[in-house]
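In what follows, a single structure is set out as structure tokens and then discussed.
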Ligand SMILES: [Mg+2]
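Here it is, written out as structure tokens:
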């Protein structure tokens with residue numbers, strides 16, 4: 025082979041707008057948690073390729089008291105069950121429960137959750153081997169700040185053109201895909217020697 029390709033060692037995923045459909049009114053019940061088509065299969069593909077999967081999710085609905093910790097956990101139980109039913113898994117789950125005014129260090133665009141995930145995967149010294157897939161500018165900002173490779177998907181509810189433009193200001197060569205399935209299959213195709 026003329027060139028060697030190395031698969032990412034881990035991929036961090038935002039939740040809302042990446043794995044499941046997002047809503048400006050937050051996801052407040054397990055019934056409202058609806059996977060974007062093929063996102064669960066995309067996560068299962070990563071397991072097949074032995075790529076670790078981490079969740080990195082702002083959940084200020086908790087800090088805003090719009091949802092109880094119990095209901096929140098039942099949403100995550102459903103998510104985990106649905107992912108496992110398709111053959112995938114989340115190897116690490118990080119979420120920020122804080123209100124934006126709490127002054128925490130985890131809420132994206134800050135890097136707390138990315139650093140925690142890298143640590144959990146023993147990749148703190150190799151952030152360049154990790155990708156972060158998100159649908160918002162905050163995801164891209166956190167990825168850039170954390171030294172991991174940002175990937176943008178346009179399956180959220182925000183203004184996709186505006187998000188892409190602002191993302192390109194801080195990550196000019198950022199790759200953009202319509203959704204998680206397109207992103208993951210493209211990433212895996214880009215590494216034919218794996
Ligand atoms: Mg999102």
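In the numbering used here, the protein residues as written are 25 to 218.
Glycine included, C-beta positions come from ideal geometry on N, C-alpha and C.
Owing to the predicted nature of the structure, the values given are computational and were not obtained by experimental measurement.
Check whether residue 128 and residue 122 have beta carbons under 8 Å apart: Contact flag set, yes.
Beta carbon nearer than 7 Å to a non-hydrogen atom of ligand 1: For ligand 1, residues qualifying as neighbours are 38, 39, 40, 41, 42, 46, 158, 159, 160, 163 and 180, where qualification means a beta carbon closer than 7 Å to at least one of its heavy atoms (chain order).
Local Cβ density within 10 Å of residue 185, reported as buried at 16 or more and exposed below that: exposed
N- and C-terminal bounds of the alpha helix (DSSP H) containing residue 94: 93-109
Residues near residue 190 by beta carbon distance below 6 Å, same chain, minus five either side: So the qualifying residues of the chain are 161.
Local Cβ density within 10 Å of residue 141, reported as buried at 16 or more and exposed below that: buried
Cβ-Cβ distance between residue 76 and residue 106 below 8 Å: no
Supposed close pair residue 132, residue 155 - CB separation, criterion 8 Å: The pair is not a contact, with the Cβ atoms about 15 Å apart (cut-off 8 Å).
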